[in-house]
Amino acid sequence: VKEQFGAEAILIGQGTGRDFESHFSRFGNMLGTPNMITAGHMCYLSRIAAALTTCGRHPAIDYGNNPKCIVMWGCNPLWTNPDEYKGVSFWRAYQKGAKLIVIDPRKGPQQFHVPNLPSRKALAAHGCVILWNIISLKL
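Read in order, the letters of the sequence shown are residues 4 to 142 in the numbering used here.
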């Protein structure tokens with residue numbers, strides 16, 4: 004690729020928390036490509052954009068105050084076993100007794116499973132939360 008199209012035709016990318024960012028940047032530099040993307044581009048930015056679009060802001064995940072209910076959308080941590088800081092905090096809250104609602108195509112061992120319903124996902128999720136009295140309706 005480099006010989007035929009030049010180094011600028013190459014893009015290298017890296018995921019979250021892999022502790023080799025300095026080597027990653029040096030590799031790109033030695034290869035001669037300025038095209039490098041990191042977890043911020045691939046993961047964090049899309050997470051923030053989804054939260055802003057869905058909630059109007061980026062809600063803080065308050066695992067530290069022993070939540071009674073955790074809703075996971077499109078991510079089933081009992082199947083995927085998330086790593087890094089989000090996974091550790093989730094598991095601590097879950098092991099302390101937080102109920103888990105998962106909106107995902109795959110049914111797992113969680114307490115409540117809501118399958119993805121195209122074009123009705125938000126309505127289904129909010130309906131289940133209210134139907135099962137998982138949250139207080141008082142503001």
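Ideal Cβ placement from N, Cα and C applies to all residues, glycine included.
Bridge partners - residue i, DSSP secondary structure assignment
i: glycine 16; result: Ile40
Supposed contact pair residue j and residue i - C-beta distance, whole angstroms, cut 8 angstroms
i: methionine 39; j: serine 28; result: 7 angstroms
i: cysteine 72; j: alanine 101; result: 6 angstroms
i: threonine 36; j: isoleucine 15; result: 7 angstroms
i: methionine 45; j: glycine 77; result: That pair is no contact at about 16 angstroms.
Simplified DSSP assignment, three categories, for residue i
i: phenylalanine 23; result: coil
i: valine 4; result: coil
i: isoleucine 51; result: helix
i: glycine 67; result: helix
i: glycine 31; result: helix
i: leucine 59; result: Residue identity check: residue 59 is glycine in the sequence provided, not leucine. In the structure shown, glycine 59 sits in coil (DSSP, three-state: anything other than H, G, I, E or B).
i: glycine 9; result: coil
i: leucine 142; result: Here the model assigns leucine 142 a pLDDT of 39, short of 50, so the residue's position is not dependable, and the following value carries that caveat. Coil, per DSSP.
Outcome for residue i when other beta-carbon atoms lying within 10 angstroms are tallied against a minimum of 16
i: isoleucine 104; result: buried
i: aspartate 107; result: buried
i: proline 63; result: Note on residue identity: the sequence assigns alanine, not proline, to residue 63. The residue is exposed, with fewer than 16 neighbouring Cβ atoms inside 10 Å.
i: proline 8; result: Sequence inspection shows phenylalanine at residue 8; the proline mentioned does not correspond to that position. Flag for phenylalanine 8 reads exposed.
i: glycine 90; result: exposed
i: phenylalanine 93; result: buried
i: glycine 43; result: exposed
Proximity of residue i and residue j at Cβ, strictly below 9 angstroms
i: alanine 96; j: proline 70; result: yes
i: leucine 34; j: alanine 10; result: yes
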